[in-house]
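K.L.:
Top to bottom, those sequences are chains A and B.
Sequential numbering of the first sequence, starting at 81, is according to our numbering.
Sequential numbering of the second sequence, starting at 4, is according to our numbering.
Here it is, the structure, as structure tokens.
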Amino acid sequence: MNRRSVIKLAGATALTAPFGFRNARAQDATIKIGVVGPRTGVMASGGAVTHWPNFKLWESEINAKGGLKLKAGQKKVELIEYDDRSQPGETIKAVERLAAQDKVDFIMPVYGTGYNLAAAPVYAKYGYPQVTQAAVTDQMDALTQRYPKLFFVQGSTTSFASSAANVMKKLKDEGKIGNKVAIVNVADAFGIELANAGRPIFQQAGFDIVYDKSYPLGTQDLSPVMRAAKAANPDAFVAWSYPPDTFGLAEQAKIEGLNVKAYYSAVAVAFPAFRGKFGASSENILGAGGIQDGPAIRDYYKRHKEVTGVDADYWGSPLYYSFLQILTQAFEGVGSMDRDAITEYMKKNIFKTIIGDADIRSQKLTRYWTVGQWQDGFFHAVNGVGFTDYKPVRLKTGWA
Amino acid sequence: MDVLIIGLLLGGTYALMAMGLQLQYGVARIMNLASGETLVCGAFGAVWFFTAYKMSPLWALIGVVPAAFAANWAIYRFMILPLVKRAKNQGQLEVDSILATFGLSFMAIGILLAMFGGEFLTYSYLATSFQIFGQPYALNRIVAFLCALFLCVALYVWLHHTRAGLTLRAVSVNPSAAGLVSINVARTSALAFALGGAVSASGGALLSMFLTFDASLGVIFTLKALVIVIMGGVGDIRGAIVASFILGLTETAVATYIDPGLTLASAYILFIVILLVRPEGLFGRRPS
Numbered sequence: 081m082n083r084r085s086v087i088k089l090a091g092a093t094a095l096t097a098p099f100g101f102r103n104a105r106a107q108d109a110t111i112k113i114g115v116v117g118p119r120t121g122v123m124a125s126g127g128a129v130t131h132w133p134n135f136k137l138w139e140s141e142i143n144a145k146g147g148l149k150l151k152a153g154q155k156k157v158e159l160i161e162y163d164d165r166s167q168p169g170e171t172i173k174a175v176e177r178l179a180a181q182d183k184v185d186f187i188m189p190v191y192g193t194g195y196n197l198a199a200a201p202v203y204a205k206y207g208y209p210q211v212t213q214a215a216v217t218d219q220m221d222a223l224t225q226r227y228p229k230l231f232f233v234q235g236s237t238t239s240f241a242s243s244a245a246n247v248m249k250k251l252k253d254e255g256k257i258g259n260k261v262a263i264v265n266v267a268d269a270f271g272i273e274l275a276n277a278g279r280p281i282f283q284q285a286g287f288d289i290v291y292d293k294s295y296p297l298g299t300q301d302l303s304p305v306m307r308a309a310k311a312a313n314p315d316a317f318v319a320w321s322y323p324p325d326t327f328g329l330a331e332q333a334k335i336e337g338l339n340v341k342a343y344y345s346a347v348a349v350a351f352p353a354f355r356g357k358f359g360a361s362s363e364n365i366l367g368a369g370g371i372q373d374g375p376a377i378r379d380y381y382k383r384h385k386e387v388t389g390v391d392a393d394y395w396g397s398p399l400y401y402s403f404l405q406i407l408t409q410a411f412e413g414v415g416s417m418d419r420d421a422i423t424e425y426m427k428k429n430i431f432k433t434i435i436g437d438a439d440i441r442s443q444k445l446t447r448y449w450t451v452g453q454w455q456d457g458f459f460h461a462v463n464g465v466g467f468t469d470y471k472p473v474r475l476k477t478g479w480a
Numbered sequence: 004m005d006v007l008i009i010g011l012l013l014g015g016t017y018a019l020m021a022m023g024l025q026l027q028y029g030v031a032r033i034m035n036l037a038s039g040e041t042l043v044c045g046a047f048g049a050v051w052f053f054t055a056y057k058m059s060p061l062w063a064l065i066g067v068v069p070a071a072f073a074a075n076w077a078i079y080r081f082m083i084l085p086l087v088k089r090a091k092n093q094g095q096l097e098v099d100s101i102l103a104t105f106g107l108s109f110m111a112i113g114i115l116l117a118m119f120g121g122e123f124l125t126y127s128y129l130a131t132s133f134q135i136f137g138q139p140y141a142l143n144r145i146v147a148f149l150c151a152l153f154l155c156v157a158l159y160v161w162l163h164h165t166r167a168g169l170t171l172r173a174v175s176v177n178p179s180a181a182g183l184v185s186i187n188v189a190r191t192s193a194l195a196f197a198l199g200g201a202v203s204a205s206g207g208a209l210l211s212m213f214l215t216f217d218a219s220l221g222v223i224f225t226l227k228a229l230v231i232v233i234m235g236g237v238g239d240i241r242g243a244i245v246a247s248f249i250l251g252l253t254e255t256a257v258a259t260y261i262d263p264g265l266t267l268a269s270a271y272i273l274f275i276v277i278l279l280v281r282p283e284g285l286f287g288r289r290p291s
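In structure tokens, the structure reads:
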């Protein structure tokens, strides 16, 4: 063989090595848990806050206790992680690899609605339960019928939009704000769905929609949008937005001095980075998510930061940790990694978690928070589904 | 009136993204698909200086610019130069450099990820209102615009009124003929590449004042820069500058008077129209 083909062969081997070779381990020494998610690509920033750190925290806590207490003895967990590069095709391939090649004992959910839905057939084919958090869709009923092992630890799209509209409606009915609302949305699947779900609710509630436009994802300059919204003289501002534009719109609103008493922006208001960037100006801003304060929650945030170095968010992170608590109790309750038994266990029990009692017996979480507000540096839940008391909503008084 | 000002501010933003790629492609003839990553590196450098040392991004440029220059020089010298030497013609060099810099961009993303993690990095600097003709504008955007203007003018003057700039332009017109008049083409191309990288990185540092960055966003900036460079015409810095401002004004006008949802569509329609009417770009030279 001449030199060129030797180099080609070596190169090809080097490329396939990560997939072909796994360190030989004693077969039953650890429980292998597969995790697929975005390390790179458009979803990576969200995954870095909500997805990856929670699994790291869970793994370190379980192994610090000595491992999962199963009937065969106490076994430590080992995470096998793959980067799906924010491409659904890669997500499917990675889940398939975990199931067929690595033959893991359990596969954690992936990150993102489209990604979870794309991978659902693969989970179902190999009989792995799929306990998703980062999947917001209105199709939960149809999907849980089709996939008996698919669980949603999250609310529906419509519930998020209607909760936001209801918060605004309540303020209007109490006479705290006027009836003019400016609505903008990012022209991406989630933004469009929220906008379409929210618009009729605002109209029926008696609001006058004075500005209603969308903008492309990744728009660098949102000042024309904010300026036009301001010129329409709204009493409330609603943005069905994604992370880069959530930050951009809020900054523009601050610069323009948008004088509304209620300001809502959908995704990423619940991120610590939002508070970090805007500081006192973030006070009384509403967003998707929210959590009820309590000692268990505060302890979770502390441990999350200590173990992973990342500040958890106020929407997905606590829900992720809750389903990890559910899974731990299910694994230990069943006493083995039998996937059918674990599924049945989750359909028959209510679990104690940091968000209180978590009921996913119908494959859908029965209680969740939908709207949060930054009050005194904590993103409190001010509305939700299935709970009875929430923190009262405060009015926004300028951009300090 | 304020559409004009917002459009100019946006044009300044785009000019910061595109001028670096213009130098690298126009002079060094390297289609650097990692230019967006260079920009993100510059932005991350500024974020780091701001969050760790409370240093303004304008001061951070003192660190970012030489580092980017040196890194891009090294990339040209060790990765690109072998491709240049073995390329039999311009077309082959372009293909090789596209593939090589594409791979480089993935490497850069991986390194940034390992160093900074995947989350959003953003900070608030000069996010205050500045009144022009009675309307509020973001002070940080105005500062970025002024820096972009300074950079545009400085680069133009340097390229067109100094001997070193003349050397660069000679290489961009005809590399083999430039070699015949005792211009060290390899060294000049390396200089152009490194300078382009430094400009991209400083653009990133300035943009970080008001844009939110994460490790994977480079490709968006590469794409925009590419559109501007091709639209403006390869080989003349004025092309990138003029195209940036035209694009900024068009997008702002469309967002204000028609629909913000059509900004991307209008940008690409403009791109197509210009290429149909003048395929070599606004300031490009028609191949003889």
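C-beta atoms are modelled at their ideal positions from N, C-alpha and C, and glycine is treated no differently.
Helix, strand or coil for residue 320 of chain A per DSSP?
P.N.:
strand
K.L.:
Does the count of Cβ pairs from the segment 333-345 of chain A and the segment 429-441 of chain A closer than 8 angstroms reach three?
P.N.:
no
K.L.:
Runs of 4 residues minimum, wholly inside the segment 120-170 of chain B: which ones carry the alpha helix (DSSP H) assignment?
P.N.:
142-164
K.L.:
Can you give me, in chain order, the residues of the segment 258-269 of chain B that have a beta carbon less than 7 angstroms from any beta carbon in chain A?
P.N.:
258, 259, 262, 263, 264, 266, 267
K.L.:
Over what stretch of residues does the beta strand (DSSP E) that includes residue 125 of chain A continue unbroken?
P.N.:
Premise fails: residue 125 of chain A lies in the alpha helix (DSSP H), 124-130, not in any beta strand (DSSP E).
K.L.:
Between the C-alpha atoms of residue 475 of chain A and residue 453 of chain A, what's the straight-line distance to the nearest angstrom?
P.N.:
10 angstroms
K.L.:
According to DSSP, is residue 33 of chain B part of a helix, a strand, or is it coil?
P.N.:
Assigned with DSSP and collapsed to three states, residue 33 of chain B falls in coil, not helix or strand.
K.L.:
Check residue 454 of chain A in the structure and name its three-state DSSP category.
P.N.:
strand
K.L.:
For residue 470 of chain A, name the three-state secondary structure that DSSP assigns.
P.N.:
coil
K.L.:
Going by C-alpha distance, which of A:300, A:247, A:295 is nearest residue 281 of chain A?
P.N.:
A:247
K.L.:
Using the beta-carbon count (16 or more within 10 Å), is residue 469 of chain A buried or exposed?
P.N.:
exposed
K.L.:
Measuring straight from C-alpha to C-alpha, what distance separates residue 136 of chain A and residue 387 of chain A?
P.N.:
8 angstroms
K.L.:
Quick one: which chain A residues come within Cβ less than 8 angstroms of residue 1 of chain B?
P.N.:
Within the shown structure, residues of chain B are numbered from 4 to 291, placing residue 1 of chain B beyond reach of any answer.
K.L.:
Using the three-state DSSP reduction, which class does residue 183 of chain A fall into: helix, strand or coil?
P.N.:
Looking at residue 183 of chain A - three-state DSSP - the assignment turns out to be coil, as it is neither helix nor strand.
K.L.:
Taking the continuous alpha helix (DSSP H) assigned at residue 280 of chain B, which residues delimit it?
P.N.:
Per DSSP, residue 280 of chain B belongs to the alpha helix (DSSP H) from 266-280.
K.L.:
Which runs of the beta strand (DSSP E) spanning at least 3 residues fall entirely within the segment 340-393 of chain A, listed in chain order?
P.N.:
Annotation note: the segment 340-393 of chain A contains the following uninterrupted beta strand (DSSP E) runs of length 3 or greater, listed N- to C-terminal: 342-345, 365-368.
K.L.:
Find the residues of chain A that neighbour residue 116 of chain B, judging by a C-beta separation of less than 7 angstroms, and give them in chain order.
P.N.:
119, 120
K.L.:
Who are the neighbours of residue 13 of chain B on chain A, taking C-beta pairs under 8 angstroms?
P.N.:
Chain A residues near residue 13 of chain B: 300, 301.
K.L.:
Buried or exposed: where does residue 242 of chain A fall if 16 or more other Cβ atoms within 10 Å of its Cβ makes it buried?
P.N.:
With 16 or more other Cβ atoms within 10 Å, it is buried.
K.L.:
Does the segment 203-215 of chain B come within contact of the segment 256-274 of chain B, defined as at least 3 CB pairs closer than 8 angstroms?
P.N.:
no
K.L.:
For residue 131 of chain B, is the classification buried or exposed, using 16 other Cβ atoms within 10 angstroms of its Cβ as the cut-off for buried?
P.N.:
exposed
K.L.:
Measuring straight from C-alpha to C-alpha, what distance separates residue 226 of chain B and residue 39 of chain B?
P.N.:
8 angstroms
K.L.:
Residue 24 of chain A touches chain B at which residues, Cβ-Cβ below 9 angstroms?
P.N.:
The question about residue 24 of chain A has no answer here: the residues shown for chain A are numbered 81 through 480.
K.L.:
Taking C-alpha atoms, which residue in A:133, A:115, A:299, A:179 lies nearest to residue 158 of chain A?
P.N.:
A:115
K.L.:
When the Cα atoms are used, what is the spatial distance from residue 295 of chain B to residue 117 of chain B?
P.N.:
In the structure as shown, chain B begins at 4 and stops at 291. Residue 295 of chain B is therefore absent and cannot be evaluated.
K.L.:
So residue 335 of chain A and residue 139 of chain B are in contact, right, with Cβ under 8 angstroms, and what is the actual spacing, rounded?
P.N.:
Contact between residue 335 of chain A and residue 139 of chain B holds, with the beta-carbon distance rounding to 6 angstroms and staying under 8 angstroms.
K.L.:
With three or more beta-carbon pairs closer than 8 angstroms as the criterion, would you say the segment 96-106 of chain B touches the segment 22-39 of chain B?
P.N.:
yes
K.L.:
Does residue 345 of chain A have its Cβ less than 7 angstroms from a Cβ in chain B?
P.N.:
no
K.L.:
Since residue 276 of chain A is in the alpha helix (DSSP H), which residue starts that stretch and which ends it?
P.N.:
269-284
K.L.:
Between the C-alpha atoms of residue 122 of chain B and residue 244 of chain B, what's the straight-line distance to the nearest angstrom?
P.N.:
32 angstroms
K.L.:
Can you give me the Cβ contacts of residue 110 of chain A inside the same chain, cut-off strictly under 7 angstroms, excluding the 5 residues immediately before and after it?
P.N.:
For residue 110 of chain A, where only same-chain residues beyond five positions count, the Cβ hits under 7 angstroms are 155, 156, 157, 158.
K.L.:
Tell me whether residue 67 of chain B sits in a helix, a strand or coil according to DSSP, three-state version.
P.N.:
helix
K.L.:
Would you give the residue range spanned by the alpha helix (DSSP H) that residue 429 of chain A belongs to?
P.N.:
Looking at the DSSP string, residue 429 of chain A is not in any alpha helix (DSSP H), and its letter there is neither H nor E.
K.L.:
Quick check on the DSSP output: the alpha helix (DSSP H) that includes residue 192 of chain B runs from which residue to which?
P.N.:
188-210
K.L.:
Can you tell which of A:244, A:162, A:193 has its C-alpha closest to the C-alpha of residue 42 of chain A?
P.N.:
Outside the modelled stretch of chain A, which goes from 81 to 480, sits residue 42 of chain A, for which no answer is possible.
K.L.:
Measuring only between beta-carbons, confirm whether residue 255 of chain B sits less than 7 angstroms from chain A.
P.N.:
yes
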